[in-house]
Amino acid sequence: MPKFEALAKKTQGSEFYNNLPKGYKKGRTKYIIVTGSVISGVGKGTFTSSLGNLLSLYHGFRVAPVKFDGYLNFDAGTLNPYRHGEVFVLDDGTECDLDLGTYERMLNQNLCRENYITAGKIFKTIIDKERAGKYLGRDVQFIPHVTGEIKNFLRNLAHKSQADIVLVEVGGTVGDIENSYFLEAMRELSYEESKENVCFINVVYILEPGSLGEQKSKAAQLGLRTLMGMGIQPSIVVCRSERPLKESVREKISIYSNVPVNRVINSLDVGDIHSIPLFLKAVGIDKEVINILGLKEKKPGKAGFEIWKSLVEKIKKARKEVNIGITGKYITVHDSYISILKAMEHTAPHLGARVNVKWIETTKAGEAVKELKGLDGIIVPGGFGARGTEGKIACIKYARENNIPFLGLCFGFQMAVLEYARDVCDLKNAASTETEPNTKEPVICILPEQEEVKGLGGTMRLGGYQVKIKPGTVAWELYGKDKVRERFRHRWNVNTQYINKLEKAGLVFSGMAPQKRIMQILELPAEKHKFFFATQYHPEFTSRPLTPSPVFRGFLEACLDK
Ligand code: GLN
């Protein structure tokens, strides 16, 4: 085999296709590749992010996570949350899979577009390059070009982030057509980078059919066989099971996969995701990974991990209960609102509480309001389109008039403005041009820069922007500073022509864009309402277990103040 660095130079006229980033050093960054077998939804994302948490927060390694999604969409921007769950937004404006949200929360790290790779992104790169003549007359093939672009992507991430570990989660299950060429690329990566620099972990599910009452490993064995048939030898097998893994099953998995028994690890359903890093540490998986990859132990940055541990304790000890209603049309898919749920889950324990969520369907306004009785707080989250909007507005009115803590997020912010305009400013026809394009009172209108935009993917006002906070307001009280950075995903906003009228009637815009007249936070003064607060941005995207969002904290505090 030619020397590794020579592979890059030999790309032209060779069967190797590698464009190593300039200065890339083999072995500088190690790779961990996590795959899944038997069923989808085996908890691969949870496992991978928990391992990342342990390796970075406890051991102090610099970890760069990356998720591969096999769909042909370029990113998650045009995906329907009803089918696919929440669209998460990164600071750089990338619209991505909700798993990236899990990574940001678990690793306490800001991610960017380099941490998210889809089949669509790979193929777009390839077609664009081909049209630009970059393949120099070659026929473009799955091997080496598609696999080559995938390896480039990962090596670029490694090089740019200067990570100790690139942690790759491969979406789907082994054997899917959708990820087959990606796995082939991972096999090549391990060949080129050398075995000691790449660690494969396969997560399998151990079936235990109720009718048999016994753990069965056959499906897991077949999954492992498929992986090995692709030329990939796992270094660690993680067995998910409902009950503790039987020793005989562990041995069987070991024999079938050439993986020593101590590296066949059992991961049980532990309920709370935050406790999984502690569980993984207790079973010693971090030590195995460190040995396999020959990683040099760092002086660990344990402080973050200690705070993490205390959060897990607080979650266990939380006794108070708080009942929150969330309105929305995606209420049958709770994953559509996963960041909101997580934000409450990691914020409430600091107040000694746990959150019970009640989902409020708003397509019938009258019915929706009846559902609100007895709730401690109401959230009206983000949304698109007309369905259910009148119901949301009715819920906001109820919260305002009955002094019930209210938090509006993005679309919820816009609906709160409409409610106030209609009921307090007497603008009976106040509407958003998103749902009523010909309305006489366009209190919510399209952002000027959005008017010319064509196409749906990646075209909204997206990602992190500054919010200037007005002193002496609830927002200022919560954040304690006059400028914060929050994440946006919207096309509409408050029509500047109505701002004076709304303010005169008592609505306070306590946060806005520093340079433009874009209203970003609204509130009612603390003397007038327990907590009536809404944001044009999504505080749920920046709320993390180690740094909960002040907005959720303020909201939950008000809800608990019964
Ligand atoms: N549909 C609204 C807009 O585009 C709100 C978007 C959202 O809630 N994320 O402005």
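Numbering (my numbering), first residue to last: 903 to 1464. Think of the CB as a built atom: it goes at the ideal place given N, C-alpha and C, for glycine as much as any other residue. These figures come from a predicted structure and were not determined experimentally.
Placement of the Cβ of E1336 at a distance of less than 7 angstroms from at least one heavy atom of the ligand GLN is found.
Here DSSP, grouped into helix, strand and coil, assigns N1304 to coil. Per the coordinates, the alpha-carbon of G1035 lies some 11 angstroms from the alpha-carbon of I1028. Taking C-beta atoms as the reference points, G1293 and T1264 count as a pair closer than 8 angstroms.
In the three-state reduction of the DSSP assignment, D1188 falls in the helix class, which pools H, G and I. A residue is called buried when at least 16 other Cβ atoms come within 10 angstroms of its Cβ; K1097 does not meet this threshold and is exposed.
Between the C-alpha atoms of G1186 and L1180 there is a straight-line separation of about 10 angstroms.
In the three-state scheme derived from DSSP, where H, G and I count as helix and E and B as strand, K928 is classed as coil. The beta-carbon separation of Y1300 and L1404, rounded to 20 angstroms, does not stay under the 8 angstroms limit for a contact. The C-beta of V1172 has fewer than 16 other C-beta atoms within 10 Å across all chains shown, which makes the residue exposed. Cα atoms of E1051 and G1003: separation of roughly 25 angstroms, rounded to the nearest angstrom. Your pair I1228 and P1251 does not check out as a contact, with CB atoms roughly 19 angstroms apart and the cut at 8 angstroms. Per DSSP, reduced to three states, the secondary structure at F1025 is helical.
In the DSSP assignment, V1151 falls outside any beta strand (DSSP E) and within the unbroken alpha helix (DSSP H) covering E1149 to S1159.
Assignment of N1168 by DSSP, reduced to helix, strand and coil, places it in the strand class. Taking 7 angstroms as the cut-off, one finds no heavy atom of the ligand GLN near enough to the beta carbon of F990.
Counting every other CB atom within 10 Å of its CB across the protein chains shown gives T1444 a total of 16 or more, marking it as buried.
In the structure shown, H1236 falls within a helical segment according to DSSP collapsed to helix, strand and coil. Just measuring C-alpha positions, the residue of M1421, E1006 and F1435 sitting nearest P1427 is F1435. When secondary structure is reduced to three states using DSSP, V1214 falls in the helix class.
Taking C-beta separations shorter than 7 angstroms and ignoring five residues to either side along the sequence, the partners of S1119 in its chain run I1108, V1151, K1154 and I1155, following chain order. The closest heavy atom of the ligand GLN lies 7 angstroms or more from the beta carbon of G1003. DSSP places H986 in the helix class (H, G or I) of the three-state scheme. In this structure, A1065 places its C-beta atom within 8 angstroms of the C-beta atom of V965.
Ranked by Cα distance from Q1438, the first of D1325, G1365 and T1449 is G1365. Beyond the five residues adjoining it in sequence on each side, K932 comes within less than 6 angstroms, by CB distance, of I1067, N1099 and L1195 in the same chain, given in chain order. A direct Cα-Cα distance of roughly 41 angstroms separates D1463 from P1339.
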